[in-house]
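S.K.: Residue numbers (the numbering used here), protein chains in the order written: chain A, 279 to 652; chain B, 147 to 246; chain C, 188 to 542.
The beta carbon of each residue, even a glycine, is placed where N, CA and C say it ideally should be.
Just dropping this structure here.
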């Protein structure tokens, strides 16, 4: 595919890696904020190709990982209602709530459907005026504008049997929370490029300045990630801490003004709980007063549901780079991808699940003499 | 978070009163909402997420970035860091600029 | 069947983070993954007993009257019934024929059971039956017996099909994961991912510049051509649900060897790669219905590859990797950049992702 394949070129990757090796003189801990970047890093084995001094800490930018148990429980409750068609991105069906997941709700007769776009859910509502259609509105700043537009459309078209269960989160307050943590190890951030296609880069200079951390807006293909790392390490080595855009083909400084205006209209900033981390002030969006009628929490009166996260899961420390996954006493014993205690083991790109796979590879001995590898 | 892919606009139309485009992703064609990029034109590329075009892809900038990668390690000794020479091009906003 | 263009069918999915002690059947119990295996282990196997079942192959190997028979059954609950490149009728023949072929047997006879939902058009049944008959003729197998039942409206999804098949296993052929040794060469018979993407395109409303059609085909002839080179192939698998990744993992686990593949050697059609990029899928995990993966002793690899490429269903066959002594039970891919990644056993079929 044009503009994807070119950014996976092995020869150019080698040059970027050479350049990073030539630049780095001591250990640095970088956090890639976005789960999509974590996916790409693991998918292409980028972490193994970087010099030892460059450590990538997988950040909290995966909606599957950070959506709190309580919201999942609300989704399960709503999806169980006989009058409801519950629509979700595929990502969220796999996440267990308390005692069950959306698959189980289906097994018990619930109508749970996977859609590609929130507009698909709206079309289902148009075709089924006798049913209540609820869309699970999760995700970061990239996914919020599509969900906002869908609610806006619902109101414009007078579609009353549609509502949104909102658990949107915002990146900058999470960066702030991570940097404020007393034992924070993160020295620089690869900011999430697709978040910045919408938001621009305006929120970052103040963060970079206050915490004296380089923030480099980074894309998702292997060359983009290597370039993000290269620019970050260059800044760290020089003692700089500025905001830099390493994804200029997709990110404008001002972001997308039409999307920002829609966000302003449909949502308002609220405190939001992050699974494994806790409440981060101002880190979420909820529907604004004008759109409150479309809030599934109110429509189905599930706003009273309260769920405590299991205490034994230390995913919050992992997400902040304070604890290596395999240093957790539950890792690989009580907590595995098949029996996850927390979100970082649920998502295939979660830090714990990724570690689980690679540790298994590294610690599995060869029973016979090694054969030559083709 | 945020799987978004670049696609090329084939055709622009309307559905339920909203602006939509058919977009080609390397041979795969899908309908995409254009409400957030109303001035996108046929033939241009956009970054698309969950059925919405979120930002125009700057082809000039993409070419330029790849050229810089290709020059890496070649021009270094002769001309110093090519990145500094190219700062701020193609919609890029370097640190200094973003601080203003 | 409402809303098929807007919603993705989650039929056959296994929850990747399964919850224990489910009191009811969920879709994942039919997904061919971990939950299916648990259902067999905990409910069916104890109730049935029997040595042949204990082998747990896609086809059972039976000794009867001095010959070795392969025997297999499969049920088909596919939506949509017709998709680009095939239909439930083609799948019903080729699925069972291929299960037999993976034990080296050429399918001889099939049985065919139809479960019809009250109200389904006779024309639909007729189209499926015609497709099934044509597929059987192509595969060189005879439908020898059958059965029809009707369930009340609302109690079936239009039409279900079950087929069972038997065939003779040639002398000297013994295809099992346990026979794989380090150094064996891994060959795939052609580009992967077309079937899963073709079916998903109908559900997802994707159009393709060049239409992606299912690779649905009967592999008996291709397997016969391979066995003509040498009966000493070690194991064959058809990478259906769970794709290439599931087949390689089953073999790695069953053989106690590791498997290393080189990503860019695995053929993936460009449109399949694009569709996977848009939906966030990995082509290694997407279903195929007319491909096989073979573990072949190194000394026969070139000759077997040549024989495959001479057959229409193996024209784009490629060597993609090898069995190794390291990391037993695990599959590792060398990435295009020179890194490695673990290709894990899929816990369930992939869902389109946004992140």
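1. To the nearest angstrom, how far is it from the Cα of residue 442(A) to the Cα of residue 440(C)?
2. For residue 181(B) and chain A, any beta-carbon pair shorter than 8 angstroms?
3. Please confirm whether residue 173(B) has its beta-carbon closer than 8 angstroms to some beta-carbon of chain C.
4. Please report the residue range of the alpha helix (DSSP H) in which residue 474(A) lies.
5. State yes or no: is the C-beta of residue 373(C) within less than 8 angstroms of the C-beta of residue 541(C)?
6. What is the rounded straight-line gap between the Cα of residue 286(A) and the Cα of residue 316(C)?
7. Please report the distance separating the alpha-carbon of residue 425(C) from that of residue 403(C).
8. Between the C-alpha atoms of residue 223(B) and residue 320(A), what's the straight-line distance to the nearest angstrom?
9. Which same chain residues, not among the five before or five after residue 612(A), have their C-beta less than 7 angstroms away from its C-beta?
10. When Cβ atoms are compared, which residues of the region 391-411 of chain A fall closer than 7 angstroms to chain B?
11. Give me the chain C residues within the contact set of residue 212(B), using Cβ-Cβ distance strictly less than 7 angstroms, ordered along the chain.
12. Drop a sphere of 10 angstroms on the beta-carbon of residue 465(A), count the other beta-carbons inside from all chains shown, and report buried for 16 or more, exposed for fewer.
13. When the Cα of residue 428(A) is compared with those of 399(A), 567(A) and 481(A), which residue comes out closest?
14. How about residue 593(A) and residue 622(A): are their beta carbons less than 8 angstroms apart?
15. Just by C-beta distance, which residues in the region 417-444 of chain A are closer than 8 angstroms to chain B?
16. Using a beta-carbon distance below 8 angstroms, is residue 267(C) in contact with chain A?
17. How would you list, in chain order, the residues of chain C whose beta-carbon sits under 9 angstroms from the beta-carbon of residue 155(B)?
18. Quick one: residues in its chain with C-beta nearer than 7 angstroms to the C-beta of residue 148(B), no 5 flanking neighbours on either side, listed in chain order?
19. Quick one: grab the DSSP three-state call for residue 450(A).
20. Who are the neighbours of residue 137(C) on chain B, taking C-beta pairs under 7 angstroms?
21. Would you please verify whether the beta carbon of residue 455(A) is less than 8 angstroms from any beta carbon of chain B?
22. Residue 281(C) lies in the alpha helix (DSSP H); which residues open and close that run?
23. Residue 528(C) to residue 290(A), Cα distance in whole Å?
24. Quick check on residue 598(A): buried or exposed, where buried means 16 or more other Cβ atoms within 10 Å of its Cβ?
25. Of all the residues that make up the region 184-199 of chain B, which are near chain C by a beta-carbon distance shorter than 7 angstroms?
26. For the putative contact between residue 265(C) and residue 278(C), defined by C-beta atoms under 8 angstroms, what is the C-beta separation to the nearest angstrom?
27. Using a Cβ cut-off of 7 angstroms, which residues of the region 560-591 of chain A contact any Cβ in chain F, in chain order?
28. Taking just the CA atoms, how far does residue 450(C) sit from residue 486(C)?
29. Look up residue 528(C) in the DSSP assignment and give the residues it is bridged to.
30. For the region 408-421 of chain C against the region 487-505 of chain C, are there 3 or more C-beta pairs whose distance is under 8 angstroms?
31. Please say whether residue 355(C) and residue 256(C) have beta carbons closer to each other than 8 angstroms?
32. Decide if residue 631(A) is buried, meaning its Cβ has at least 16 other Cβ atoms within 10 Å, or exposed.
33. Using 8 angstroms as the cut-off, can you tell me whether the region 294-311 of chain A makes contact with the region 333-351 of chain A, which would need three or more C-beta pairs spanning the two stretches below that distance?
34. Using a C-beta to C-beta distance shorter than 9 angstroms, which residues of chain A count as neighbours of residue 150(B)?
35. Rounded to whole angstroms, what's the CA-CA distance from residue 394(A) to residue 573(A)? Just pull it up for me.
M.R.: According to the structure shown:
1. 44 angstroms
2. Yes, contact with chain A.
3. yes
4. 471-477
5. no
6. Residue 286(A) and residue 316(C) have their C-alpha atoms some 46 angstroms from each other.
7. 11 angstroms
8. Unreliable placement is indicated for residue 223(B), whose pLDDT of 48 sits below 50; the coordinate value is still reported in the next sentence. Distance between residue 223(B) and residue 320(A), taken at the CA atoms: about 33 angstroms.
9. 619
10. 394, 395, 396 and 397
11. Going along chain C, no residue has its Cβ under 7 angstroms from residue 212(B), so there is no contact; the nearest lies around 16 angstroms.
12. The residue in question, residue 465(A), is buried, as its Cβ has 16 or more Cβ neighbours within 10 Å.
13. Measuring C-alpha to C-alpha distances from residue 428(A) to each of 399(A), 567(A) and 481(A) identifies 399(A) as the nearest.
14. For residue 593(A) and residue 622(A), yes; Cβs fall inside 8 angstroms.
15. 417, 418, 420, 421, 423, 424, 427, 431, 434 and 435
16. no
17. Those do not exist, as residue 155(B) stays about 14 angstroms from chain C at its closest Cβ, beyond 9 angstroms.
18. 195
19. helix
20. There is no way to answer for residue 137(C), as the model of chain C reaches only from 188 to 542.
21. Any Cβ of chain B closer than 8 angstroms to the Cβ of residue 455(A) would place that residue at the interface, and such an atom is absent.
22. Membership of residue 281(C) in the alpha helix (DSSP H) is indicated by the continuous run 275-288.
23. 20 angstroms
24. buried
25. 196
26. 6 angstroms
27. Annotation note: the requested chain F is absent from the structure, which comprises protein chains A, B and C.
28. Answer to the nearest angstrom: the Cα atoms are 23 angstroms apart.
29. For residue 528(C), which the question treats as bridged, DSSP gives the partners 520(C).
30. Three or more Cβ pairs closer than 8 angstroms define a contact, and the region 408-421 of chain C meets that threshold against the region 487-505 of chain C.
31. yes
32. buried
33. yes
34. Per Cβ cutoff of 9 angstroms: 314, 420, 471, 472, 475, 498 and 528.
35. 21 angstroms
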